[in-house]
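The structure under discussion appears below in the form of structure tokens.
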Amino acid sequence: MKTNLNSKEVILKAKDTIIKKVEKLGKPIKVMEFCGGHTHAIMRYGIDKLLKGYIEFIHGPGCPVCVASMDRIDLAIELAKIPNTIFTTYGDLLRVPGSHRKSLLDMRALGCDVRSVYSCLEAFDTALQNPNKNVVFFAIGFETTTPPTAVLLKKAKEHKLKNLFVVSNHVMTPPAVRYILNSGISHIDGIIGPGHVSVITGTKIYEEFDVSIVISGFEAFDILKAINMLLDQHIKGERKVENAYTRAVTEEGNKEAQKLIEETLDTRDSFSWRGIGSLPKSALKINDDYEIFDAEKVFDVKLPASKEHPLCICPKVITGVSKPTDCKLFGNLCTPENPIGSCMVSSEGACAAYYKYQEVELCM
Amino acid sequence: MYVKLSHGGGAKETRELIEKIFLKHLKNELLTNEDATILSLEGKVAVTTDSFTVSPIFFKGGDIGKLSVAGVVNDLSVMGAKPLYMSMGFIIEEGLSFEELEKIVISIKEEASKTGIKLITADTKVVPKGFCDKIYINATGIGKLLKEGISSTNLKEGDILIVSGPIGNHGATILSIRNDFDIDISSDCASLWEVIEPLLKEDIEIHAMRDLTRGGLASVLNEFAKSSNVEILINEEDIPIEQSVRGFCEILGIEPYSLACEGTFIMAIPKSDAEKAFNILKSHKLTEKAKVVGEVIKKGKEGAYVKTLYGSVRYLEEAPGELLPRIC
């Protein structure tokens, strides 16, 4: 008979194993889940509550919407405003307010043609169907969503499209991990490594880091398994990369996808991350072979001086220094319906996850 | 053949459209050429109105015509009223094919025949291309009140909450078509009167009842909690969700609790009536998968909570605005 790995019995047993190990250690363990998808899963399954007092979760900078700097959002809004333009991007980004508190959804209501796509290839179809309009695809995401952007660029070139333009905001995981570890801003005993990112990159990209890293899937059981492996490393005094998501992740990753990225994109000298600031060699731009599709080169966009809300602590939340509940705006002025900071926008953002999955104390 | 602006002009072509498509299928003794229909009504009646703008207009499990009738029937039914009459206003985009329009009208006829609700007055307008998305339908329904007091303000401490079937199918179906997913999900779109009528006749003490439309289970439970000033707790493991809907939600990163249903309802009744209610629910195909999902735990403070599979309790949040897929 097959065992359901996410059944109550299995999960509660895994929880007990973890608690026993931490009790032996005699102190709680600080674990950073890098990826926003993991933050969401931890909150949704209530894993943080199951392990309260034993494992402290520090939420990492792995939510692509949350780390998009304000000037990138402003750039998106300015591009959407260009007449005769169909602006396309992934769903979550549409809600993020720019410097002037207007989001792409607001721009759509004001008459701009802004469309949410699930696959970036929808932008290709849109360009084919609307030869008299300029179609912009605002590409965002870590290594997971980069290969599809590369495919889009290749298809655009193959079909000699003259009306499709791409903005690459693709960021890379290793520079952000490096920053978190080197800056010393928060003490971390171990990292739950991103699952989908590692499918593309393989586990080899983490070998440079002197910290325990266990790559995890997104089910409750995956996450508990990864925590258990991190604990074992901690007990033995080891610091290495391990893979708890072997059903999807290999050491080398998806070589075909890596090749597509190499052929279409180059590393930027530096890129601005929300909450972190400028990070060298941390993002990708469209390379010279594909520059006719690079919206940043084709359109001359003047950006307003970007400004953050003075009370928003998203930067500290993204780097694991503060918890969402430390913010004065959290749940009062800043809610998923009226987000002020980017962490409240994306369902992968720590603030949105905290808000959505707030714990309830029942007096029954 | 397709609908042209001239079909909305009020002259010969309008009459042709009405006769060839609408009256051909929907004619009855009350639907006449007069400016208004005269009715005799006795006792208390319930009235409801709703506009239907679904895109795409045809989907697995239904179409905009079936949806309009079921929507009106269900809104009357959950208030304890027997659906009797309805009006319909059609706003049609020029270029809609006669074939598609006739298909919708036949759906209306078929769905209405299930409860016996009669279309007694109707209107058509044609708007230029691009001014609406193929067809919009506004429908108003009138029903005879059979049971008074069913209200979202009437939940009582100790009430159990019964969901009539798997949730989220309609929302998942529509989103899967819009996002071009080839997934085997079908809308639950259906008229619920055939199940609700026996519940009313058997005199089940229904305190509150709602069909789970826009905003899904999360919206209705939050509204129940607010209107009755009660705390509601549901158990995640008891909520019926089809595996395909659950999987689809995982892919898009959305909660099934916020997805719309169009043929599923929730009711709050005292525990003592549970057996009687389930005897009826289990004997109808539409509601054979009905389940108790939770209860009203306390009066005096509002809150809708969900107990996760692993025992922690969290707020049952409503989805903010549009349902947008998350990125990774």
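Heads up: the sequence lines are chains A and B, in that order.
Going by our numbering, the first residue of the first sequence is number 5, and it counts up by one from there.
Going by our numbering, the first residue of the second sequence is number 1458, and it counts up by one from there.
Virtual Cβ for every residue (Gly too), placed ideally from N, Cα, C.
Contact test: residue i Cβ vs the ligand SAH heavy atom, cutoff 7 Å
i, result
"residue 1515(B)", "By its list of ligands, the structure shown contains no ligand whatsoever, and the ligand SAH lies outside what it can speak to."
6 Å Cβ shell around residue i - same chain, five flanking residues per side excluded
i, result
"residue 131(A)", "139, 165, 167 and 168"
"residue 1718(B)", "1624, 1627, 1645 and 1669"
"residue 1675(B)", "1714, 1715, 1773 and 1775"
"residue 294(A)", "157 and 268"
Terminal residues of the beta strand (DSSP E) in which residue i lies
i, result
"residue 1536(B)", "It is not in any beta strand (DSSP E) - residue 1536(B) carries neither H nor E in the DSSP assignment."
"residue 1600(B)", "1592–1602"
"residue 1679(B)", "Element bounds for residue 1679(B): not the beta strand (DSSP E) but the alpha helix (DSSP H), 1673–1685."
"residue 1791(B)", "A query on residue 1791(B) cannot be resolved here, the shown segment of chain B reaching from 1458 to 1785 and no further."
"residue 1583(B)", "1575–1584"
"residue 1695(B)", "Neither: residue 1695(B) is in no beta strand (DSSP E) and is coded neither H nor E."
"residue 172(A)", "168–174"
"residue 1772(B)", "1770–1772"
"residue 75(A)", "Per DSSP, residue 75(A) belongs to no beta strand (DSSP E); it is in the alpha helix (DSSP H), 74–85."
"residue 390(A)", "Not covered by the structure: residue 390(A). The range shown for chain A is 5 to 368."
"residue 1762(B)", "1760–1764"
"residue 247(A)", "245–247"
Residue i, enclosing alpha helix (DSSP H) - first and last residue
i, result
"residue 94(A)", "Premise fails: residue 94(A) lies in the beta strand (DSSP E), 89–94, not in any alpha helix (DSSP H)."
"residue 189(A)", "No alpha helix (DSSP H) holds residue 189(A); DSSP gives it neither H nor E."
"residue 41(A)", "40–48"
"residue 202(A)", "199–205"
"residue 52(A)", "51–54"
"residue 1508(B)", "Unbroken run through residue 1508(B) is the beta strand (DSSP E), 1502–1509; no alpha helix (DSSP H)."
"residue 27(A)", "12–29"
"residue 348(A)", "Taken as a continuous stretch (DSSP letters only), residue 348(A) belongs to no alpha helix (DSSP H), as it is neither H nor E."
"residue 1564(B)", "1555–1572"
"residue 119(A)", "Careful: residue 119(A) lies outside any alpha helix (DSSP H), inside the beta strand (DSSP E) at 117–121."
"residue 301(A)", "299–302"
"residue 69(A)", "68–71"
"residue 128(A)", "125–133"
"residue 151(A)", "150–162"
"residue 268(A)", "259–268"
Sequence-distant residues of its chain with Cβ nearer than 8 Å to residue i (five each side left out)
i, result
"residue 1651(B)", "1571, 1572, 1741 and 1743"
"residue 88(A)", "136, 137 and 138"
"residue 45(A)", "51, 222, 223, 224 and 227"
"residue 233(A)", "218, 246 and 248"
"residue 1558(B)", "1460, 1478, 1549 and 1592"
"residue 311(A)", "74 and 103"
Proximal residues of chain B, C-beta to C-beta of residue i below 9 Å
i, result
"residue 16(A)", "1767 and 1768"
"residue 107(A)", "Within 9 Å Cβ-Cβ: nothing; residue 107(A) doesn't reach chain B, min ~10 Å."
"residue 12(A)", "1694, 1766, 1767 and 1768"
Close-in-space but distant-in-sequence residues of the same chain around residue i (CB under 7 Å, 5 per side omitted)
i, result
"residue 116(A)", "84, 85 and 91"
"residue 1631(B)", "1511 and 1516"
"residue 1728(B)", "1615 and 1617"
"residue 1634(B)", "1513 and 1516"
"residue 1523(B)", "1564, 1568 and 1646"
Distance CB(residue i)-CB(residue j) smaller than 8 Å
i, j, result
"residue 1687(B)", "residue 1612(B)", "yes"
"residue 358(A)", "residue 47(A)", "yes"
"residue 1507(B)", "residue 1596(B)", "yes"
"residue 35(A)", "residue 196(A)", "yes"
"residue 29(A)", "residue 155(A)", "no"
"residue 1423(B)", "residue 1764(B)", "Since the displayed chain B opens at 1458 and closes at 1785, residue 1423(B) lies outside it and no answer follows."
"residue 1599(B)", "residue 1536(B)", "no"
"residue 78(A)", "residue 307(A)", "yes"
"residue 328(A)", "residue 354(A)", "yes"
"residue 238(A)", "residue 216(A)", "yes"
"residue 344(A)", "residue 279(A)", "no"
"residue 1574(B)", "residue 1483(B)", "no"
"residue 1656(B)", "residue 1737(B)", "yes"
"residue 203(A)", "residue 177(A)", "no"
"residue 144(A)", "residue 183(A)", "no"
"residue 198(A)", "residue 70(A)", "no"
"residue 1479(B)", "residue 1562(B)", "yes"
"residue 1521(B)", "residue 1594(B)", "yes"
Chain B residues whose Cβ lies nearer than 8 Å to that of residue i
i, result
"residue 53(A)", "1769"
"residue 364(A)", "1760, 1762, 1770, 1771 and 1772"
"residue 159(A)", "Result: empty, since nearest Cβ-Cβ is about 17 Å, beyond 8 Å."
Where residue i meets chain A, residues with beta-carbon distance less than 7 Å
i, result
"residue 1777(B)", "340 and 341"
"residue 1710(B)", "351"
Contact set between residue i and chain B, taken where Cβ atoms lie within less than 7 Å
i, result
"residue 360(A)", "1774"
Between the stretch 1621–1655 of chain B and chain A, which residues of the former have a C-beta closer than 7 Å to a C-beta of the latter? 1636
When you check each C-beta in the stretch 22–51 of chain A against every C-beta of chain B, which residues fall closer than 9 Å? 39, 40, 41, 44, 47, 48, 49, 50 and 51
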